[in-house]
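S.K.:
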Amino acid sequence: MSGATEAAELQPQLPPAKLWIGGEWVESEGNRTFTTENPATEEAICEVASASAADVDRAVEAARSALEGDWRKTSARERGKLIWRLADALEERIQDFALVETLDNGKPIFESRYVDMPSVIDCLRYYAGWADKITGETLPLSGPMVLNYTLREPVGVVGAITPWNFPLLLAAWKIAPALACGNTVVHKPASLTALTALKLAELASEVGIPPGVLNVVPGGGSEVGGAMVAHEGINKIAFTGSTEVGVGIAKLAADSVKRLSLELGGKSPNIVFADSDLDAAAKGAFNGIFYGKGEVCAAGSRLFVERAAHDELLEKLIARTERLQPGDPLHPKTRLGSLVSKNQRDSVLAHVEKGRAEGAEIATGGVAANVEGKGYFMQPTVLTGVDNSMAIAQEEIFGPVLVTIPFDGPEEAVALANASVYGLAAGVWTRDIGKAHRVAAQLEAGTVWINQYNWYDAGAPFGGYKRSGYGRELGRQALDHYTETKTVFVGK
Ligand code: NAP
Ligand code: MG
């Protein structure tokens, strides 16, 4: 029996409808809750506590007292061990966490079990390894007999605000480096998918991470997220989400000169040259847009194909796309699940309609899919006859919709790829190694994949150029965003 089958057959362990503050379950102010839904069945999963600004105050207090108390007394090496233990504990419960993620988000159990959860574990272990290796420097100075050194200190209380597409993974990208650097965290998960974040915080306590180090306050975006961004007790906000909300957060955070990292939207170009391995490129273009239902910030949603290979590549891609049928996310063979919500599916379909009105042709898909009469499924969609200036080629759709655009030569490919307000990621497919590197150097994107797409690694920094955000998550670079550098001069 495969792991995905086992996960799907478990009874999910659901958290209570409470907030996780100071190492325990507490009621939200007025005991407010909201219902979280399984988008594949349209059925309620359970109630989730809905925090208020006063609850955010309580969470920040708990985080601050842990910061100045138990967590400060915990040595860097011990912090590393605790984060590693959390990874081990999650690995023991991987089937249950994968199941709950799939129920809440609609993504295939195959993805939750074999990609999301292993990547969370890997991210925790990667930063566990950093905890006791974050060092300052001693610096040579111009004056005599003076010693200068730098200390790397935690920023303080980190407010993490995360989206619904990779709920636990994008939380781990923030929580793991934040804790490794000695910070404490108040986390607001996306309202559509709050369950695994609550479970992770409880697990953190079980492995011995002190109360108040990780607190979780689900609730309304502007109410809870806004209270966090404005809060004087929070030193840094780490946000992943839409560019629109990110811009609002940047404005609000400016009042308190709060540290801020923003991982925002994208409309990433995937460029296929005629000299590439077209089978591999067709598969890469397919995975680049349809993996994760296309609800992926770095999805390769603009496919540029060199004219000489255009028809052949499209034929391969469309044949592959037509074999991909949306299905029950709990079935281990399903590779395309339900979009996360009715709103999201309606918004994706509205984008497709807009494209059609602009003159694009629907080569395949373009409609909702019927999976046993329930859920927010959609047929994977490819549009042709698209011009890069059309709204459908410029606006982030965040669903299984690909636009395809022909080009002639590398200069035009680069110009078209860079003609976007976004700059999160890009793909390049060619057998010409020199051209691959030249094009990679010219692309305005935080990540470039050559002859592959959608690869991530805890050790490799990820983030955006232009309106895709600022700051980098993952890798050594993320540590800079979770530490302050203090310079100490020692006199004679
Ligand atoms: P979103 O609407 O911007 O929400 C993201 C988070 O912000 C949620 O927790 C949301 O809470 C909260 N929020 C909403 N309004 C807020 C406000 N005024 N102040 C503070 N927080 C607020 O984005 P989404 O629809 O969840 O996610 C999709 C977007 O995320 C896409 O644009 C995608 O490209 C981007 N994304 C980027 C990356 C990356 O690494 N660059 C990764 C994944 C996703 P509620 O859930 O309660 O509304
Ligand atoms: Mg849900």
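Each residue of the sequence shown is one higher than the one before, starting from 214 at the first, in our numbering. Idealized CB from N, CA, C, for every residue including glycine.
Evaluate Gly-672 with the Cβ neighbour count: other Cβ atoms within 10 Å of its Cβ, from every protein chain shown; 16 or more gives buried, anything less gives exposed.
M.R.: Answer is exposed; the Cβ neighbour count stays below 16.
S.K.: Of all the options Glu-250, Glu-219 and Leu-223, which has the alpha carbon lying nearest to the alpha carbon of Lys-587?
M.R.: The residue with the shortest Cα to Cα distance from Lys-587 is Glu-250.
S.K.: Using only the alpha-carbon positions, how far apart do Pro-402 and Ser-355 sit?
M.R.: Pro-402 and Ser-355: Cα-Cα distance of roughly 49 Å.
S.K.: When DSSP builds the beta bridges, which residues end up paired with Leu-615?
M.R.: DSSP lists Val-595 as partners of Leu-615.
S.K.: Skipping 5 residues on each side, what residues in its chain have a beta carbon closer than 6 Å to that of Met-603?
M.R.: Taken in chain order, the residues that qualify are Glu-571.
S.K.: When the Cα of Ala-221 is compared with those of Val-430, Glu-415, Ser-263 and Tyr-327, which residue comes out closest?
M.R.: Residue Tyr-327 is the option with its Cα nearest to Ala-221.
S.K.: With DSSP collapsed to three states, give me the class of Met-214.
M.R.: Low confidence applies to Met-214: its pLDDT is 47, below 50, so where it sits in the model is not reliable enough to give any reading.
S.K.: Helix, strand or coil for Glu-566, going by three-state DSSP, please let me know.
M.R.: Of the three classes helix, strand and coil, the one that applies to Glu-566 here is helix, per DSSP.
S.K.: In the DSSP output, what is Tyr-666 paired with across the bridge?
M.R.: Its beta-bridge partners do not exist; DSSP assigns none.
S.K.: If you run the structure through DSSP and keep just helix, strand and coil, what is Gly-505?
M.R.: Three-state result, Gly-505: helix.
S.K.: Less than 8 Å between the beta carbons of Val-595 and Ala-573, yes or no?
M.R.: No.
S.K.: Mark Ser-325 as exposed unless 16 or more other C-beta atoms lie within 10 angstroms of its C-beta, in which case mark it buried.
M.R.: Buried, by the Cβ-count rule.
S.K.: Around the Cβ of Gly-546, are there at least 16 other Cβ atoms within 10 angstroms (buried) or fewer (exposed)?
M.R.: It is Lys, not Gly, that sits at residue 546 in the sequence shown. By the neighbour-count rule (16 or more Cβ atoms within 10 Å), Lys-546 is not buried but exposed.
S.K.: Compare the C-alpha of Thr-764 against each of Gly-688, Glu-366, Ala-344 and Leu-408 and name the closest.
M.R.: In the structure as shown, the chain starts at 214 and stops at 705, and residue 764 therefore has no counterpart that could be examined.
S.K.: Assign Pro-619 to one of two classes, buried (16 or more other C-beta atoms within 10 Å of its C-beta) or exposed (fewer than that).
M.R.: Result: buried.
S.K.: Three or more C-beta pairs under 8 Å: does that hold for the region 487-506 against the region 454-468?
M.R.: The region 487-506, when compared against the region 454-468, does not touch it at the 8 Å Cβ threshold.
S.K.: Output the distance between the C-alpha atoms of Gly-684 and Glu-585, rounded to the nearest integer angstrom.
M.R.: C-alpha separation (whole angstroms): 43 Å.
S.K.: Could you give the first and the last residue of the continuous alpha helix (DSSP H) run that contains His-544?
M.R.: Looking at the DSSP string, His-544 is not in any alpha helix (DSSP H), and its letter there is neither H nor E.
S.K.: Do Gly-433 and Tyr-666 count as a contact pair if the criterion is CB distance below 8 Å?
M.R.: No, they are not a contact pair.
S.K.: Assign Trp-233 to one of three DSSP states: helix, strand, or coil.
M.R.: In the structure shown, Trp-233 sits in a strand (DSSP, three-state: E or B).
S.K.: Let's test the definition: count the other Cβ atoms within 10 Å of the Cβ of Thr-700 and tell me whether it reaches 16, buried, or not, exposed.
M.R.: Exposed, since its Cβ has fewer than 16 Cβ neighbours within 10 Å.
S.K.: Name the residue from Ala-373, Trp-668, Tyr-635 and Thr-643 whose alpha carbon lies nearest to the alpha carbon of Ala-272.
M.R.: The shortest C-alpha separation from Ala-272 is found at Ala-373.
S.K.: By the DSSP assignment, the alpha helix (DSSP H) with Cys-336 in it spans what residues?
M.R.: From DSSP, the alpha helix (DSSP H) with Cys-336 extends over 330-343.
S.K.: Quick check on this structure: which residue in Asn-483, Lys-449, Glu-237 and Gly-478 has the alpha carbon closest to the alpha carbon of Arg-472?
M.R.: The residue with the shortest Cα to Cα distance from Arg-472 is Lys-449.
S.K.: Could you tell me which residues DSSP pairs with Pro-367 in its beta bridges?
M.R.: DSSP lists Thr-696 as partners of Pro-367.
S.K.: Would you report the Cα separation of Thr-456 and Ala-511, rounded to the nearest angstrom?
M.R.: Roughly 13 Å between the two C-alpha positions.
S.K.: Determine the DSSP secondary structure at Val-482, reduced to helix, strand or coil.
M.R.: Checking the sequence, you will find Pro at residue 482 rather than Val. Looking at Pro-482 - three-state DSSP - the assignment turns out to be strand.
S.K.: Using the beta-carbon count (16 or more within 10 Å), is Phe-702 buried or exposed?
M.R.: By the neighbour-count rule (16 or more Cβ atoms within 10 Å), Phe-702 is not buried but exposed.
S.K.: By the three-class DSSP mapping on this structure, what secondary structure does His-444 have?
M.R.: Three-state DSSP puts His-444 in coil, outside helix and strand.
S.K.: With a cut-off of 8 Å, do at least 3 Cβ pairs link the region 550-567 to the region 523-531?
M.R.: With a cut-off of 8 Å, the region 523-531 and the region 550-567 do not count as touching, because too few Cβ pairs lie within range.
S.K.: Below 8 Å on the Cβ atoms is my guess for Phe-503 versus Pro-613; work out the distance and round it to an integer in Å.
M.R.: With a Cβ gap of about 5 Å, Phe-503 and Pro-613 count as contacting.
S.K.: Who are the Cβ neighbours of Ala-440 in its own chain at under 6 Å, not counting the five residues just before and after it?
M.R.: Same-chain partners within the cutoff: Ala-266 and Val-269.
S.K.: Assign Met-214 to one of two classes, buried (16 or more other C-beta atoms within 10 Å of its C-beta) or exposed (fewer than that).
M.R.: Confidence is the limiting factor: at Met-214 the pLDDT is only 47, short of 50, which leaves the residue's position unreliable and the question unanswerable from this model.
S.K.: Is His-694 buried or exposed, if buried means 16 or more other CB atoms sit within 10 Å of its CB?
M.R.: His-694 is buried by the Cβ-count criterion.
S.K.: Whole angstroms is fine: what's the gap from Lys-294's alpha carbon to Thr-287's?
M.R.: Approximately 11 Å, taken between the alpha carbons.
S.K.: Do you know how far the Cα of Leu-392 is from the Cα of Gly-425?
M.R.: Between Gly-425 and Leu-392, the C-alpha separation is close to 12 Å.
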